[in-house]
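These protein sequence lines map, in sequence, to chains A and B.
Be aware that the first sequence starts at 1, since it is given in my numbering, and climbs by one per residue.
Be aware that the second sequence starts at 1, since it is given in my numbering, and climbs by one per residue.
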Amino acid sequence: MSEDGEFEEFFQANYRRLVALLVGMVGNVDDAEDIAQEAFSRILARWPRLSQYEAPEAWVRKVAIRLAIDSRRKLVRAIKLRTRLVGTGSNQSAPTVPLAATPLGEALTRLPARQRQVVVLHYIADMSVEAISTEYGMPLGTVKGRLAAGKRRLEDNLRKHMEAISDGR
Amino acid sequence: MDDEELRQKFAAWLAPTHTMAIPRAQLITRRLRRRRVRGAVVAGIATLAAVAGGGILATSLGGSSGSPASGNTTTAHGAATSSHPSDKPSVTGSPPTATRACQTADLAITNPRKAVTGMTGTTVALVFRNIGTTFCSLVGWPTIATPGHPNKVQYQTVTGAAFEVAVTHVKLAPGSTAASSLVITAPGNTSGCNTKGSWAVTPPGARQHVNVVWPMSQGACDHGTIIVSPIYRGSSPVNGTYPPSARHIPPMGPYSTPPPTR
């Protein structure tokens, strides 16, 4: 099969899975698709070499996760800057970034980036804690700790959200 | 909420992505092309700005009669600041004076599995090949992590009686190799030695690691010690003093993390 054909096949096989993972990271499909396409364009630039790897999808996943964390930081900075420029009061907390419409999505996108990353990799990408540890160079204890803290916080966020709804807020 | 329930909730939330339309791969090709064009434009603007800046500086240093583009600026200031192509050495393929640090994407990192067994343990070379198209540099120690396999990793220049490696600045031409020698010492209890592991290796100055498959038969058993040498030119394990001309290398280490060398 030609290199173009191989890439096309790789892209078709992994696109939806990567977008699903990124929706967990950024909270909406539009940004997730944009980041996924950027990650695939980066792998395409190195395809002759990366296609020889045992698992090129691990590479594209890592790039995509990094881009997702970066994009969220940029978005938060931009919102903070806009808040300052329009003078709506510096003592206000920064508005949250656009969130997914479901309680679960909202709860997930409220997690700190590092916890969210591990939660998404474990529960959405279905990776074991050992695989996350190896792929991302984190000690096993760190992965387990972030996963446990992330899950706790996720449940807490969900509970608060449901309470707010039942209170009519 | 148990794990399975949480997984199912996430799956239900993300169900629409399972049926979403997949764009054509040409979209990615176009995106890559656009990025390359943007990069070329930015590089062009930067070059123009540097030429213009050099011209202004040369004019202010040499007076109004000197032409910045003529290549006649011979002062140390002019040579150091001008970026006009005619002022640069014309030797094709020679390494630039300030070589950037090799990043993970520039390197193929391998364990060639040529081990030398000695009194202090098994010595192997971790090899870094420059697979990029430009020169890059490596200085100091690679960072080694053995996720899932508890090992003690030490970074030092003099590794027992086995060998000495000074911290050297290795400029790596495309296709050439550098290495770091690892002395691997197994613990007394070898119960954790029968599996295959994957080590996370981060080149000095790089931010990302690469997983290198490591057979435990090389003595990298759980709870063992791995002594890491600085990076040197070549691809074989060192079994003496590097560089060979060095009479005495001041010992550095052991450190639990690679010390800064830049």
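Beta carbons are placed, not taken as given, at the ideal position from N, Cα and C, and that holds for glycine.
Only a predicted model underlies this, so the values are computations on that prediction, with no experimental measurement involved.
Query, Result
"Got a sec: is the Cβ-Cβ distance from alanine 172 of chain B to anything in chain A below 8 angstroms?", "The sequence given here has leucine at residue 172 of chain B, not alanine. Not one chain A Cβ lies under 8 angstroms of leucine 172 of chain B."
"Would you say lysine 152 of chain B faces chain A, with C-beta separation under 8 angstroms as the test?", "no"
"According to DSSP, simplified to helix, strand and coil, what is tyrosine 123 of chain A?", "helix"
"Kindly list, in the order they appear in chain A, the residues whose Cβ is closer than 7 angstroms to that of proline 13 of chain B.", "Looking at the sequence provided, one finds tryptophan at residue 13 of chain B rather than proline. Thr102, Leu104, Gly105, listed in chain order."
"Check whether chain B comes within 8 angstroms of alanine 45 of chain A, counting only Cβ atoms and requiring the distance to be less than that.", "yes"
"Name the chain B residues whose beta carbon is nearer than 8 angstroms to that of arginine 152 of chain A?", "Within chain B, no residue comes near arginine 152 of chain A; the closest Cβ sits about 10 angstroms away, beyond 8 angstroms."
"Could you run through the region 137–152 of chain B and flag, in chain order, every residue whose CB is less than 8 angstroms away from some CB of chain A?", "Ala145, Pro147, Gly148"
"Using a Cβ-Cβ cut-off of 8 angstroms, state whether leucine 67 of chain A counts as contacting chain B.", "no"
"So what does DSSP say about proline 95 of chain A, is it helix, strand or coil?", "At proline 95 of chain A, the pLDDT of 37 sits below 50, so the modelled position is not reliable and the matter cannot be decided from this model."
"Is the shortest distance between the beta-carbon of glutamate 8 of chain A and the beta-carbons of chain B less than 8 angstroms?", "yes"
"Assuming valine 143 of chain A and valine 129 of chain A are in contact, meaning their beta carbons sit under 8 angstroms apart, how far apart are those beta carbons, in whole angstroms?", "5 angstroms"
"In terms of residue numbering, what span does the beta strand (DSSP E) encompassing phenylalanine 135 of chain B cover?", "Premise fails: phenylalanine 135 of chain B is in no beta strand (DSSP E) and is neither H nor E."
"Taking only three categories from DSSP, how would you classify histidine 18 of chain B?", "helix"
"For aspartate 156 of chain A, which of A/Glu106, A/Ala68, A/Gly24, A/Ser51 has the nearest alpha-carbon?", "A/Glu106"
"Taking only heavy atoms of the ligand NAD into account, decide whether any of them is closer than 7 angstroms to the Cβ of glutamine 156 of chain B.", "This structure lacks the ligand NAD; in fact it carries no ligand of any kind."
"Below 8 angstroms, how does it come out for the region 28–46 of chain B and the region 17–24 of chain A: are there three or more Cβ pairs, yes or no?", "no"
"Cβ closer than 7 angstroms: which chain A residues qualify as neighbours of isoleucine 131 of chain B?", "Arg49"
"Bridge partners of tryptophan 47 of chain A, per DSSP?", "Looking at the DSSP assignment, tryptophan 47 of chain A forms no beta bridge with any residue, so it has no partner."
"What is the C-beta distance between alanine 179 of chain B and alanine 108 of chain B, in whole angstroms, given that I count them as a contact (C-beta under 8 angstroms)?", "Rounded, the Cβ-Cβ distance is 12 angstroms, inconsistent with contact."
"Can phenylalanine 40 of chain A and isoleucine 22 of chain B be called in contact, C-beta distance under 8 angstroms?", "no"
"Measure the C-alpha to C-alpha separation of threonine 261 of chain B and arginine 116 of chain A and round it to an integer number of angstroms.", "34 angstroms"
"Please list the terminal residues of the continuous beta strand (DSSP E) segment that includes valine 170 of chain B.", "169–172"
"For chain A, check one thing: does any of its Cβ atoms lie closer than 8 angstroms to the Cβ of histidine 223 of chain B?", "no"
"Do we get a CB-CB distance below 8 angstroms when we pair threonine 276 of chain B with the residues of chain A?", "In the structure displayed, chain B extends from 1 to 262; residue 276 of chain B sits before or after that span and is not available."
"Does the beta carbon of leucine 6 of chain B come closer than 8 angstroms to any beta carbon on chain A?", "yes"
"Can at least three beta-carbon pairs, one atom from the region 222–233 of chain B and one from the region 168–175 of chain B, be found at a separation below 8 angstroms?", "yes"
"Report the option in A/Lys151, A/Arg153, A/Leu154, A/Met138 whose CA atom is closest to the CA atom of proline 147 of chain B.", "A/Met138"
"First and last residue of the beta strand (DSSP E) that includes asparagine 130 of chain B?", "121–130"
"With burial defined as no fewer than 16 other Cβ atoms inside 10 Å of the residue's Cβ, what is the status of glutamine 8 of chain B: buried or exposed?", "exposed"
"How about phenylalanine 128 of chain B and threonine 159 of chain B: are their beta carbons less than 8 angstroms apart?", "no"
"Count the other CB atoms within 10 Å of the CB of lysine 151 of chain A; is the residue buried (16 or more) or exposed (fewer)?", "buried"
"Got a sec, what are the start and stop residues for the beta strand (DSSP E) leucine 182 of chain B sits in?", "177–185"
"Looking only at its own chain, which residues have a Cβ that is under 8 angstroms from the Cβ of alanine 11 of chain B, when we skip the five neighbours before and after it?", "none"
"How would you label alanine 25 of chain B, buried or exposed, when you count the other beta carbons within 10 angstroms and need 16 or more for buried?", "buried"
"With distances taken from CA atoms, which of A/Met127, A/Gly141, A/Thr102, A/Arg146 is nearest alanine 113 of chain A?", "A/Arg146"
"Quick one: is serine 166 of chain A near chain B, going by C-beta distance under 8 angstroms?", "no"
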